[in-house]
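In the UniProt record's numbering, the protein residues as written are 1 to 248.
Quick look at the structure:
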């Protein structure tokens with residue numbers, strides 16, 4: 001009886017610890033498309049002012065990147081908040097901040113910097129590594145991958161990542177940085193969005209080549225797709241971290 005009670009207490013503490021460790025933060029990926037020639041001005045504004053003002057208003061800077069092939073003059077970055085309500089309150093306070101208003105006016109004396117802003121709201125998956133600052137190697141490149149699952153196949157796709165893909169990526173020299181599912185409007189099926197880190201773009205492509213030939217992956221893929229393919233579309237983009245990014 002005592003042993004059963006001890007096991008029950010241990011299980012209870014384990015469940016509490018797991019609940020405590022669950023990342024329930026509200027994430028937002030923001031993509032800023034700059035007017036021609038204005039990306040350096042945007043990066044300077046973030047480096048010297050914006051990131052600090054974000055933190056002051058309760059936003060957590062997760063990471064900042066620019067695409068390797070940056071034809072759109074874009075900056076990609078991720079913020080986190082305690083909740084959606086906290087996010088909305090933080091952005092309202094940020095927009096009213098006197099320092100931000102001064103910075104925005106001063107930085108745009110020679111014209112507007114940002115042409116368009118896109119926001120993607122996300123939740124962390126249960127198999128994602130902890131999202132935290134990393135300064136492992138400023139020479140690393142990152143890969144942003146977005147998967148559009150086939151209808152009603154997202155859970156199967158997530159299961160495959162949780163049970164197989166995640167570990168096989170690591171086996172082939174890829175660093176799992178973070179995994180999210182998007183929050184879509186009107187009840188649409190979420191997408192899987194994740195970031196990997198590689199020693200270089202060439203190393204990343206070589207790792208994926210080895211991964212695709214791995215018989216464990218082939219078996220896992222074939223088993224999971226007995227009733228049809230799990231993905232409709234896979235998008236990949238290589239990025240480099242900015243010098244002020246919290247993840248490098």
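Every residue gets a Cβ at the ideal spot worked out from N, C-alpha and C, and that includes glycine.
Simplified DSSP assignment, three categories, for residue i
i: residue 195; result: strand
i: residue 155; result: helix
i: residue 215; result: helix
i: residue 30; result: strand
i: residue 51; result: helix
i: residue 230; result: coil
i: residue 116; result: strand
i: residue 22; result: coil
i: residue 131; result: coil
According to DSSP, residues forming a beta bridge with residue i
i: residue 65; result: 76 and 241
i: residue 209; result: According to DSSP, which records beta bridges pairwise, residue 209 is partnered with nothing at all.
i: residue 236; result: 145
i: residue 121; result: 28
i: residue 60; result: 80
i: residue 247; result: 134
Nearest candidate by alpha-carbon position, reference residue i, set the options
i: residue 139; options: 197, 77, 162 and 223; result: 197
i: residue 164; options: 57, 24, 215 and 86; result: 215
i: residue 86; options: 158, 211, 107 and 27; result: 27
i: residue 78; options: 70, 117, 92 and 213; result: 117
i: residue 236; options: 52, 33 and 68; result: 68
i: residue 70; options: 243, 245, 247 and 239; result: 239
i: residue 33; options: 51, 22, 72 and 50; result: 72
i: residue 241; options: 93, 121 and 63; result: 63
Whole-number beta carbon distance between residue j and residue i, since they are thought to touch under 8 angstroms
i: residue 147; j: residue 218; result: The Cβ separation is near 18 angstroms, so there is no contact.
i: residue 161; j: residue 211; result: The pair is not a contact, with the Cβ atoms about 13 angstroms apart (cut-off 8 angstroms).
i: residue 178; j: residue 128; result: 5 angstroms
**Asked** Is the number of C-beta pairs between the region 39-47 and the region 113-130 that are closer than 8 angstroms three or more?
**Response** The answer is yes - the region 113-130 touches the region 39-47, with three or more Cβ pairs under 8 angstroms.
**Request:** Decide if the region 93-102 is in contact with the region 134-153; the criterion is three or more beta carbon pairs, one per stretch, under 8 angstroms apart.
**Result:** No: the two stretches stay apart, fewer than three of their Cβ pairs being nearer than 8 angstroms.
**Request:** Indicate whether the contact test is met: 3 or more Cβ pairs, each with one atom in the region 217-226 and one in the region 180-193, closer than 8 angstroms.
**Result:** Short answer: they don't touch.
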